[in-house]
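Colleague:
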Amino acid sequence: MAITIYDIAKAAQVSPATVSRALNGSTLVSERTRERVAEVAKELGYIGGSAERGVLGKGQTIAVFISNVLNPTLAQMVKGVQSVLKDEGYSMILYDSDGKAADEYTFLQEVKKHGVTGLIMSSPHFTSEYLMTLREIELPFILTLSYSTEPNIPCVYVNNIEASFKAVQSLFELGHRRIGIISGPIGDLTISRDRLQGCKLAYLGQDLEFSLENVVEGDYSVESGYTAASIMITQWNQPPTAIFAFNDMMAVGALNALRENKLQVPDDISLMGFDGIEFASLVHPSLSTVVQPSFAIGQEAALNLLKLINGEAIENIKQELPYELVLRESTAPAHQAK
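Using the working numbering, you'd call the opening residue of the sequence shown number 2 and step up by one each time.
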């Protein structure tokens, strides 16, 4: 069985991160510790040069977990992470679970085999069981794009509750009262629950009763947005005058469905998205949306993780970044006759 940095760490009675730094000549490790690690590595027969043997090559390795590599928001977040890691001499392993919780658990069990020294998570499945698995791995990690109420879980995120509240409130201010909501999976996704809570608060602010009958669940894909909007305009007794989708990809799918049914945006139905992907400003009509700074979220997550790896404290363990509500061509005042 190949020797890994975790075997060396155990024998030398130091952390895996310290072993990694020592083997890569980091100045953060004392000469005495570096010599001790080198001696133990030699005694154990450690051979470098391959990620499969638990070595990090030049610099250390960070694992980044995402749920869909094709999602532009996640792609921007990953770019933000890379922009920091490459300047610090770190490499990156990208795990794409395709939204499958079972695959994420499998990936988590594999990270130690690849000599990973830290994790950046954008998993939507951040349950108590998931958290327990993370703690068992005993590696520093940062949660991105969503918020955890656990006090010791470091997060970099936007306020999804407040942002969704503002989005729906803007539709109410345009005179809309029949607002269809295309959510993500509500049962197990923190982001979906938070954004739905924001919708509920917006209704409460208008003294209106919120009903789940106004919600059609999607899965954050273009296809699910198309299906959800089709249901709203063909199966509901009263079609909505506005639709709020929990991400821009579903909003684009909804736009396609509306066009196929000869409905004009925003003349017949207003449409609002969330995320602020580049494509949202290029479609016609251009999409009103909540812009979250995905690239900056990735940067801040990487910077915070490096601090944890180096044994430094994070100044703000719950780091909330600003969002922006951008109103474009896809939203307009409701027509009273409709």
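Where is the CB? At the ideal position from N, CA and C, for every residue including glycine.
1. Taking buried to mean at least 16 other C-beta atoms within 10 Å of its own C-beta, is H177 buried or exposed?
2. With DSSP as the reference, label G199 as helix, strand or coil.
3. Taking DSSP as the reference, what is the three-state secondary structure of G226?
4. Three-state secondary structure (DSSP) at A246?
5. In terms of residues, what are the limits of the alpha helix (DSSP H) holding V15?
6. Helix, strand or coil for S21, going by three-state DSSP, please let me know.
7. Okay, do the segment 283 to 301 and the segment 316 to 330 touch, 3+ Cβ pairs below 8 Å being the bar?
8. Using 8 Å as the cut-off, can you tell me whether the segment 136 to 151 makes contact with the segment 85 to 104, which would need three or more C-beta pairs spanning the two stretches below that distance?
9. Would you call the CB atoms of V157 and E301 closer than 7 Å?
10. Excluding sequence positions up to five away, which residues of its chain have a Cβ less than 8 Å from the Cβ of A333?
11. Return the CA-CA distance between G199 and F245, expressed in angstroms with no decimal places.
12. Using the rule of at least 16 other Cβ atoms within 10 Å of the residue's Cβ for burial, across every protein chain shown, is T359 buried or exposed?
13. In the DSSP assignment, find the alpha helix (DSSP H) that holds F173 and state where it starts and stops.
14. Closest by CA to E321, which one among L256, D104, A12, A164?
15. How should L277 be labelled, buried or exposed, when 16 other C-beta atoms within 10 angstroms of its C-beta is the threshold for buried?
16. How far does the alpha helix (DSSP H) with E44 in it reach, from first residue to last?
Modeller: Concretely, from the data shown:
1. On the sequence shown, position 176 is the one that residue 177 refers to. Flag for H177 reads buried.
2. In the sequence shown, counting from the first residue as 1, residue 199 sits at position 198. The answer is helix: DSSP assigns G199 an H, G or I state.
3. Taking the sequence shown and counting its residues from 1, one reaches residue 226 at position 225. Of the three classes helix, strand and coil, the one that applies to G226 here is helix, per DSSP.
4. Within the sequence shown, numbered from 1, the residue matching residue 246 stands at position 245. Strand.
5. The residue you call residue 15 lines up with position 14 of the sequence shown. Counting along the chain, V15 falls outside any alpha helix (DSSP H), and DSSP gives it neither H nor E.
6. Position 20 of the sequence shown, counting from 1, holds the residue named residue 21. Here S21 sits in helix by DSSP.
7. yes
8. no
9. Here residue 157 is taken as the residue at index 156 of the sequence shown, counted from 1. Here residue 301 is taken as the residue at index 300 of the sequence shown, counted from 1. Yes, the pair counts as a contact, with Cβ atoms nearer than the cut-off.
10. Here residue 333 refers to the residue found at position 332 when the sequence shown is read from its first residue. Only L175, P267, D268, S271 meet the Cβ criterion.
11. Stepping through the sequence shown from its first residue, residue 199 is reached at position 198. Stepping through the sequence shown from its first residue, residue 245 is reached at position 244. Going from the Cα of G199 to the Cα of F245 covers about 12 Å.
12. Only positions 2 to 339 of the chain appear in the structure, and residue 359 is not among them; the question remains open.
13. Against the sequence shown, residue 173 aligns to sequence position 172. Element bounds for F173: 161 to 174.
14. Here residue 321 refers to the residue found at position 320 of the sequence shown. For the residues L256, D104, A12, A164, the minimum Cα distance to E321 belongs to A164.
15. Working through the sequence shown from its first residue, we reach residue 277 at position 276. Here residue 277 is Gly; the residue named in the question, Leu, does not match the sequence. Under this definition G277 is a buried residue.
16. Residue numbering aside, residue 44 sits at position 43 when the sequence shown is read from its first letter. From DSSP, the alpha helix (DSSP H) with E44 extends over 32 to 45.
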